[in-house]
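Here is the structure we will look at.
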Amino acid sequence: MRVEWKKMLLGFAVFAGMTMMLSCSNEENYDPGGEPGVTEEPTETAFLSFYVGAGSLAGTRMIAVDPTDPGREEEQVVERVRMVLYENKAATVRYSWDLDARRGNGGSFEGSHVVPNSGSPDRFITIGQEVVRQDYKLLILVNAPPQLLDVTEKGRRLEELYREANVMKADLTTPNGIAADNNFYMTNDQGLIDVPKDELKPTKNDAEVSPFMVHVERAVAKVVVKEPESGIVVTPDGDAISDLSWGLDITNRYMYWMRQMTYTASGMMEGPGVSRRERYAMDPNFEGLHHYDEVTLGNYFEYLDVSDPLMDLPKQFGEYDYVAENTMAADEQYKNVTTRVILRGIYRPSGINLPANTRSGATGISFFTFEGLVFSVQQMANLVNNLPGDPGELSEPVLQRLHAVIIGFPDPSRLTNPQASFSENGIRYYHNGVSYYTIQIRHFDDGQVSEPMGFGRYGVVRNNVYNITVRSILGPGEPVIEKPVEPNDDPAYISADVNVLPWSVRTQDVEDLYN
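The sequence shown stops at residue 515 when you use the UniProt record's numbering, and every number in between is there.
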């Protein structure tokens, strides 16, 4: 189930209203613009103000009905608001105002550009700004990073806003990052807002009481992985798993500053007011990549660092992480281009004891598996060193098949004295019991898109919380993180039921994890 950050987390309601004056302005900041002698510049002026709402959207013409999660206070702070007007005729920035409007942790909006007595923890109205009367497109930027402020200065071209931006995951939460505490970047959730000159009002007061509305949304997605209060069910009975941690893998290195609309869960092109739950997005890596090799894909995606398999992954169960939007066309939904969760745990098959404390780099017990059978390291060494000449002497067919694999194994010392985890020729070796599981993150659930490889089933979309609950594990996972190649809906993969939360909240129950 998806949740979009509605409140402050899920989205701001930004309303913009404009008023018109029928005479020229004598204000010193009046800028007629245009080229003298070429195109006559409009002489009528207007006032513009907008209404930012961060709480309930009831009573507006775009009512938010999806489940929401108010999130952390640090995800709701507003330090900077920029209002940008693009001229339709020139596709350039005509006005760029940095407004004095702020909201701290749990406080009300305040500042010199906030209409007196209009500020609350949820909303505020800006004072009117004078503009030349003509058609515009409106952009709202909240807590914008420096590079975006640069491309939205007066005179900059609209095309610069639509260029892709590089976003390394480690930079998201740095002081100037787009997901830094108390500094989350947000902008229009459904593209630029048309501001027709015919809808301008005659007075400044009218601008402040009759605003247009613009929702803004955070530019990152949020992922939470947890277990139910009753704990994770491990099968077979007697097996156990401990030291669970997780991390995000295959994360996008590129994003758009503003979400690019595309088709919805119903297959229709997204239009104004479409429920957040039905929305998807188009990112810079939307199509044409899944057939590339791993080296080439490294130019587009980042991969989880597992250079030290003894250490936990970056996040513990119950913790969250932020990630750039990563979406794909329906026929691009392959595992090698889809953001996924990697779980790490120390697995103990029945009869093999774990140390009392294995966290923080301590080790579990190593073991082998082959076709569902579990062997201790000593058992495998004994089997290799005492193979009968005739596999028919082994009583079980599975042991006869293992006999054939051992005979042809390229380096038998890896079976008798293993030093690192591997998976080869059907034999899996779990060094120190470390086991990995993979979860592909679902966007649209089966109730929205039931067809395998249907549009939007996988991916992470900005301003959504993906709340993943791991409920059951069926045996050991993989001893090493698998290289993703198959389509996401390959039936041999894990069973996962994903619901997305609108931050917008989407929840996903994951059951029956196995290798």
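Every residue gets a Cβ at the ideal spot worked out from N, C-alpha and C, and that includes glycine.
Helix, strand or coil for residue i? Go by DSSP, reduced to three states.
i, result
"H291", "coil"
"I178", "coil"
"E164", "strand"
"G298", "coil"
"N467", "strand"
"H431", "helix"
"S266", "coil"
"L313", "coil"
"S504", "strand"
"Q129", "strand"
"T203", "coil"
"H113", "coil"
"T438", "strand"
"A404", "helix"
"D249", "strand"
"A219", "coil"
"T416", "helix"
"E424", "strand"
"K169", "helix"
"E278", "helix"
"D198", "helix"
"N188", "strand"
"P487", "strand"
"V159", "Reading off the sequence shown, one finds Glu at residue 159, where the question assumed Val. Note: E159 maps to helix in three-state DSSP."
"V209", "helix"
"L22", "For L22, the pLDDT reaches just 26, beneath the cut-off of 50, and the residue's location in the model is therefore unreliable, leaving the point undetermined."
"Q260", "strand"
"V461", "coil"
"residue 517", "Here the chain covers residues 1 to 515 and nothing more, so residue 517 does not appear."
On a CA-only basis, which of the options is nearest residue i? Give me that one, please.
i, options, result
"Y436", "I473, F455, D446, P272", "I473"
"T187", "R218, D181, F212", "R218"
"L141", "D198, F50, K222", "F50"
"S344", "Q379, L304, A404", "As written in the sequence, residue 344 is Arg, which differs from the Ser given in the question. Among Q379, L304, A404, the Cα nearest to that of R344 is on L304."
"F370", "S376, R428, F317", "R428"
"L192", "Y458, L138, L172", "L138"
"T45", "L200, Q448, P146, E87", "L200"
"Q419", "I441, G447, F368", "F368"
"R133", "P196, H113, A90, D283", "P196"
"L158", "D181, L172, K89", "K89"
"Q316", "D100, V115, P487, D243", "D243"
"H403", "Q147, E73, A381", "A381"
"V84", "V465, E396, L149", "L149"
"P121", "S450, P272, Q76", "Q76"
"L99", "F124, Y86, E87", "F124"
"D239", "G273, R348, M268", "R348"
"D249", "A91, G298, Y430", "G298"
"N488", "Q440, V465, G477", "Q440"
Is residue i near residue j, with beta carbons less than 8 angstroms apart?
i, j, result
"Y136", "R94", "yes"
"V470", "V225", "yes"
"V505", "N463", "no"
"V434", "I342", "no"
"N336", "P484", "yes"
"H215", "D189", "yes"
"S350", "P452", "no"
"A144", "R103", "no"
"K154", "S230", "no"
"G459", "M258", "no"
"E486", "Y334", "yes"
"N182", "E74", "yes"
"V167", "Y254", "yes"
"G107", "A265", "no"
Spatial neighbours of residue i within its chain, please: CB distance less than 6 angstroms, with the 5 preceding and 5 following residues excluded, ordered by chain position.
i, result
"E332", "E287, H290"
"D312", "S245"
"P309", "V434"
For residue i, collect the residues of the same chain with a Cβ closer than 8 angstroms to its Cβ; drop the 5 residues on either side in sequence, then sort them by chain order.
i, result
"G408", "N425"
"V384", "I406, P412, L415, T416"
"V233", "R471, S472, I473"
"V114", "D100, A101, F124, I125, T126, I127"
For residue i, which residues of its own chain have a beta-carbon under 7 angstroms away from its beta-carbon, when the five flanking residues on both sides are left out?
i, result
"G128", "T19, F47, L48, S49, K204, A207, E208"
"T251", "K169, F301, E302, V323, A324, N326, T339"
"T438", "R340, I342, E482, I494"
"E110", "R102, G119"
"T262", "E270, Y280, A281, M282"
"V220", "L172, I178, A179, Y322, V323, A324, R462"
Taking Cβ positions only, does residue i come closer than 8 angstroms to chain D?
i, result
"V306", "In the displayed structure, chain D is absent; only one protein chain is listed."
Any heavy atom of the ligand HEM within a distance shorter than 7 angstroms of the CB on residue i?
i, result
"L304", "Absent from the structure shown: the ligand HEM. Ligands present: none."
**Every unbroken alpha helix (DSSP H) inside the region 75-110 [4 residues or more]** = none
**Any beta strand (DSSP E) of 3 or more consecutive residues that is wholly inside the region 321-381** = 340-348, 367-370, 373-376
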